[in-house]
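From first to last, the protein sequence lines are chains Y and R.
Mapping the first sequence onto this note's numbering, position 198 (from 1) lands on 372, and the numbers just tick up by one.
Mapping the second sequence onto this note's numbering, position 44 (from 1) lands on 218, and the numbers just tick up by one.
All C-beta atoms, glycine included, are put in the ideal place defined by N, C-alpha and C.
Owing to the predicted nature of the structure, the values given are computational and were not obtained by experimental measurement.
Here's the structure we're looking at; comments come further down.
Protein chains: 2
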Amino acid sequence: MTREVASSKDEKARQPVVAVFVVIFTVHEQKLKVLLIRRDIEPFRGWWAIPGGRLGTGEPLDEAAARKLVEETGVRDVYLEQLYTFGDLDRTASAGAVAIGYFALVDYDSVSLPTREEWPTAWFSLDGLPELAFNNKGVLDYALRRLRYKLEYTNVAYSLLPPYFTMSQLQTVYESILGRSLDKRNFRKRILALGIVTPTEKTVLFGAHRPAKLYTFSSRQPQII
Amino acid sequence: MTREVASSKDEKARQPVVAVFVVIFTVHEQKLKVLLIRRDIEPFRGWWAIPGGRLGTGEPLDEAAARKLVEETGVRDVYLEQLYTFGDLDRTASAGAVAIGYFALVDYDSVSLPTREEWPTAWFSLDGLPELAFNNKGVLDYALRRLRYKLEYTNVAYSLLPPYFTMSQLQTVYESILGRSLDKRNFRKRILALGIVTPTEKTVLFGAHRPAKLYTFSSRQPQII
DNA sequence: TCAAAAGTGTTGTTTATACACCCATGT
DNA sequence: ACATGGGTGTATAAACAACACTTTTGA
Numbered sequence: 175m176t177r178e179v180a181s182s183k184d185e186k187a188r189q190p191v192v193a194v195f196v197v198i199f200t201v202h203e204q205k206l207k208v209l210l211i212r213r214d215i216e217p218f219r220g221w222w223a224i225p226g227g228r229l230g231t232g233e234p235l236d237e238a239a240a241r242k243l244v245e246e247t248g249v250r251d252v253y254l255e256q257l258y259t260f261g262d263l264d265r266t267a268s269a270g271a272v273a274i275g276y277f278a279l280v281d282y283d284s285v286s287l288p289t290r291e292e293w294p295t296a297w298f299s300l301d302g303l304p305e306l307a308f309n310n311k312g313v314l315d316y317a318l319r320r321l322r323y324k325l326e327y328t329n330v331a332y333s334l335l336p337p338y339f340t341m342s343q344l345q346t347v348y349e350s351i352l353g354r355s356l357d358k359r360n361f362r363k364r365i366l367a368l369g370i371v372t373p374t375e376k377t378v379l380f381g382a383h384r385p386a387k388l389y390t391f392s393s394r395q396p397q398i399i
Numbered sequence: 175m176t177r178e179v180a181s182s183k184d185e186k187a188r189q190p191v192v193a194v195f196v197v198i199f200t201v202h203e204q205k206l207k208v209l210l211i212r213r214d215i216e217p218f219r220g221w222w223a224i225p226g227g228r229l230g231t232g233e234p235l236d237e238a239a240a241r242k243l244v245e246e247t248g249v250r251d252v253y254l255e256q257l258y259t260f261g262d263l264d265r266t267a268s269a270g271a272v273a274i275g276y277f278a279l280v281d282y283d284s285v286s287l288p289t290r291e292e293w294p295t296a297w298f299s300l301d302g303l304p305e306l307a308f309n310n311k312g313v314l315d316y317a318l319r320r321l322r323y324k325l326e327y328t329n330v331a332y333s334l335l336p337p338y339f340t341m342s343q344l345q346t347v348y349e350s351i352l353g354r355s356l357d358k359r360n361f362r363k364r365i366l367a368l369g370i371v372t373p374t375e376k377t378v379l380f381g382a383h384r385p386a387k388l389y390t391f392s393s394r395q396p397q398i399i
C-alpha cells in the first residue's frame with residue numbers, strides 16, 4: 175500500500191509525490207473525535223498522524239479518499255469532502271510532496287477499526303490530542319473550522335448519526351462540533367423549520383424518564399439549506 | 175515553461191503529473207470577466223483554457239499560483255485562494271494528472287497582458303464564454319460559486335478595485351459578480367455597517383452630476399466579516 | 001414521590017427588504 | 001432648465017436570542 179518515497183529518486187523528471195489523506199470525524203460520548211494512526215516509518219516514526227497514503231496510478235482522487243476511509247473504518251457512502259491541498263506537509267521528500275486532504279463524517283457505531291500490530295489507529299478527542307506529525311495539528315484546525323461552517327448551512331450531520339435518532343442526540347452532535355451548548359427550544363425550532371429531519375411515530379426509552387421521539391433525516395444526501 | 179506531458183512516459187514509477195492553474199477574475203465595464211489562454215499544443219490545441227502549468231520541483235503551491243498570476247497579468251499581492259484539486263482534468267495523461275486550481279481577483283487597470291504570438295490571452299465575460307478545453311467550464315462555474323459566497327462574508331472585493339473608489343463602483347463590483355442588481359440605499363447601509371470601507375475627504379467628478387465621495391478599504395488583507 | 005431527560009411558547013431584538021425623492025454638477 | 005448619477009430615511013417582515021415550566025417514565 176505504501177511505497178517507498180525514496181523510489182522517486184530514480185526518476186528523471188522528479189515529479190512530486192502525491193498523497194491523499196482523510197480527516198475522519200465522529201461524535202461519541204458527547205465529544206468530537208478524530209481518527210489518528212501511529213506512524214511506523216520515518217519520518218515521525220511513532221507519532222500520531224492523520225491517516226493517508228499514496229495516490230494510486232490513474233486513481234481518481236475521490237476514490238482514493240474513499241478507499242482510505244474504508245481501509246481504516248470499514249464504512250462507505252458517508253459524507254466525504256475535499257478539504258485542501260498542501261504542498262509542504264513533508265519537507266523531507268526531496269522532490270516535493272503534494273498532499274490532498276479530505277474530511278469524512280462517520281457514525282461511531284458503524285465503524286470497526288482494523289486490528290493489526292503496525293500502524294494502529296485510535297479515536298482522539300479534539301481537546302485531548304497528542305503531538306502530531308508534520309503540521310497535522312494545523313490541518314485538523316482547518317478541518318474543524320470547515321466542519322463548523324458546513325454544519326450551519328448544510329445537512330451533513332446525517333453522516334454522524336444512525337438512521338433513527340432523538341432530537342437530543344442531534345443536538346449533542348451540534349454542540350460537540352460547535353463547542354458550545356445550544357438552547358433546546360431554539361434548536362428544535364430551527365431544525366424543524368429547516369425541514370432537514372422528519373419525525374417518526376417511533377419512540378425510544380433510555381432510562382427513568384419520558385421516552386423520546388425518533389427522527390430521521392429527510393435526505394441522506396448532502397444538501398445546502 | 176510548459177514541459178511536454180509526454181515526458182512522464184519515460185519515468186519508472188509513473189508518478190502523476192502535477193499542474194497548477196489560476197482562474198483570474200476581474201470586473202470591467204460592469205461585467206465579471208475571466209482571463210483565458212489559447213492552447214498551442216495538443217490536446218485541445220486552439221481551444222481557450224484556464225491558464226496554468228506544471229508545478230516546479232520543490233515549488234510551494236501558493237508560489238506556483240502566484241508565479242502563474244504574475245506571468246499572465248504582471249500583478250502580485252492580490253487575493254489568491256486555493257479553489258479545488260481535480261484528479262481527472264486531463265484524461266490523456268496516462269499516468270494520471272492532478273491539477274490544483276486557484277482563483278485570483280485583480281483590478282482590471284493594474285493588469286498588463288503579455289504580448290506574444292503563442293498562447294495568447296484575453297478577457298472573456300462569463301456570459302459570453304467560448305467552448306473551453308477539458309472540463310474548464312465546470313471549473314469556472316465552481317469558481318464563480320465560491321466567489322459569490324466569499325463576497326457575502328469577506329472583504330475580498332478590495333482586490334478588484336483601485337485604492338480609491340466610489341460607492342457606485344463598489345456596488346457595480348458586487349452586482350457584476352452576484353449577477354443581480356442591488357438596492358442603492360440598502361447596499362450603502364450594509365457596507366458601511368460592516369465597516370469594510372472607510373470614507374475619505376476626497377471626491378471625484380466623472381461627468382455632469384454631483385461629485386462622488388471616495389472610499390478606501392479599511393483593510394487590504396482578506397478578512398472574514 | 002423523586003429524579004431525570006423530553007417536550008413545549010412568548011417576547012424583545014436584530015437584521016433584511018422594499019421603496020421615492022432631493023442634491024450637485026456640466027452643458 | 002435639464003439631464004445625469006450621487007446621496008439619503010422609514011416602515012415592515014423575518015430571523016434570532018433569551019428565558020421556565022410541565023410531562024412521562026423507572027426506581
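Which same chain residues end up closer than 7 Å to residue i when comparing Cβ atoms and leaving out the 5 residues on each side of it in sequence?
i: asparagine 310 (chain Y); result: Ala223, Ile224
i: serine 392 (chain Y); result: Gly369, Ile370, Val371, Thr372
i: alanine 238 (chain Y); result: Val194, Leu229, Gly230
i: tyrosine 258 (chain R); result: Gly275, Tyr316
i: arginine 177 (chain R); result: With a pLDDT of only 32 at arginine 177 (chain R), under 50, the local geometry of the prediction cannot be trusted, and the value read off the model is given with reservation. Correct list, in chain order: Arg228.
i: leucine 210 (chain R); result: Trp222, Ala223, Ile224, Thr295, Ala296, Phe298
i: arginine 362 (chain R); result: Met341
i: tyrosine 332 (chain Y); result: Phe391, Arg394
Does the beta carbon of residue i sit closer than 8 Å to a beta carbon anywhere in chain R?
i: glutamine 256 (chain Y); result: yes
i: leucine 235 (chain Y); result: yes
i: aspartate 262 (chain Y); result: yes
i: valine 272 (chain Y); result: yes
i: threonine 259 (chain Y); result: yes
i: alanine 180 (chain Y); result: Summary for alanine 180 (chain Y): the model assigns pLDDT 35, below 50, so the residue's position carries little reliability, and this model does not support an answer.
Whose C-alpha, out of the options, is nearest the C-alpha of residue i?
i: glycine 227 (chain Y); options: Y:Phe195, Y:Pro294, Y:Arg319, Y:Glu349; result: Y:Phe195
i: leucine 379 (chain R); options: R:Leu314, R:Ser342, R:Ile215; result: R:Ser342
i: isoleucine 215 (chain Y); options: Y:Asp301, Y:Ala307, Y:Leu279; result: Y:Ala307
i: phenylalanine 254 (chain Y); options: Y:Phe260, Y:Asp262, Y:Ile274; result: One detail in the question is off: residue 254 (chain Y) reads as leucine in this sequence, not phenylalanine. Minimum Cα distance to leucine 254 (chain Y) is reached at Y:Ile274.
i: glutamate 349 (chain Y); options: Y:Glu203, Y:Ile198, Y:Val191; result: Y:Glu203
i: leucine 388 (chain Y); options: Y:Pro336, Y:Lys205, Y:Asp357, Y:Ser355; result: Y:Pro336
i: glycine 220 (chain R); options: R:Val191, R:Glu291, R:Arg354; result: R:Glu291
i: valine 192 (chain R); options: R:Asp262, R:Thr289, R:Asp283, R:Arg250; result: R:Asp262
i: aspartate 251 (chain R); options: R:Glu233, R:Asp281, R:Arg359; result: R:Asp281
i: leucine 352 (chain Y); options: Y:Lys358, Y:Pro288, Y:Ser333, Y:Leu325; result: Y:Leu325
i: proline 288 (chain Y); options: Y:Asp357, Y:Pro396, Y:Glu245, Y:Leu235; result: Y:Glu245
i: glycine 232 (chain Y); options: R:Ala271, R:Pro217, R:Glu233, R:Arg241; result: R:Ala271
Taking only beta-carbon positions, decide if residue i is within less than 8 Å of chain Y.
i: valine 166 (chain R); result: Absent from the structure is residue 166 (chain R), since the part of chain R shown begins at 175 and ends at 399.
i: methionine 175 (chain R); result: Caution applies to methionine 175 (chain R), whose pLDDT of 35 falls short of 50 and renders its modelled position unreliable; the value that the coordinates give is listed next. No, methionine 175 (chain R) lies away from the interface with chain Y (no Cβ there is under 8 Å from its Cβ).
Going by beta carbon distance, what residues of the same chain come within less than 8 Å of residue i, once the five residues before and after it are set aside?
i: isoleucine 365 (chain Y); result: Met341, Leu344, Val371
i: tyrosine 327 (chain R); result: Ile398, Ile399
i: leucine 314 (chain R); result: Val197, Val208, Ile224, Leu300, Leu303, Leu306
i: threonine 377 (chain Y); result: Pro385, Ala386, Lys387, Leu388
i: tyrosine 338 (chain Y); result: Thr374, Lys376, Val378, Leu388, Tyr389, Thr390
i: phenylalanine 277 (chain R); result: Val196, Val197, Ile198, Phe199, Leu254, Glu255, Leu257, Ala317, Arg320, Leu321
Sort out for me which residues DSSP pairs residue i with in a bridge.
i: proline 373 (chain Y); result: Y:Tyr389
i: serine 299 (chain Y); result: Y:Lys207
i: glutamine 256 (chain Y); result: Y:Tyr276
i: valine 196 (chain Y); result: Y:Tyr276
i: leucine 306 (chain R); result: R:Trp222
i: arginine 228 (chain Y); result: Y:Ala193
i: arginine 212 (chain Y); result: Y:Trp222
In chain order, what residues of the same chain lie with their CB nearer than 6 Å to the CB of residue i, ignoring the 5 residues before and after it?
i: proline 294 (chain Y); result: Arg212
i: glycine 248 (chain R); result: Ser286
i: threonine 346 (chain R); result: Gln204
i: leucine 243 (chain R); result: Val196, Ala278
i: phenylalanine 260 (chain R); result: Ala273
i: valine 201 (chain R); result: Leu334, Val347, Ser350
Checklist line | Where the region 352-375 of chain R meets chain Y: residues whose CB sits under 7 Å from a CB there | finding: none
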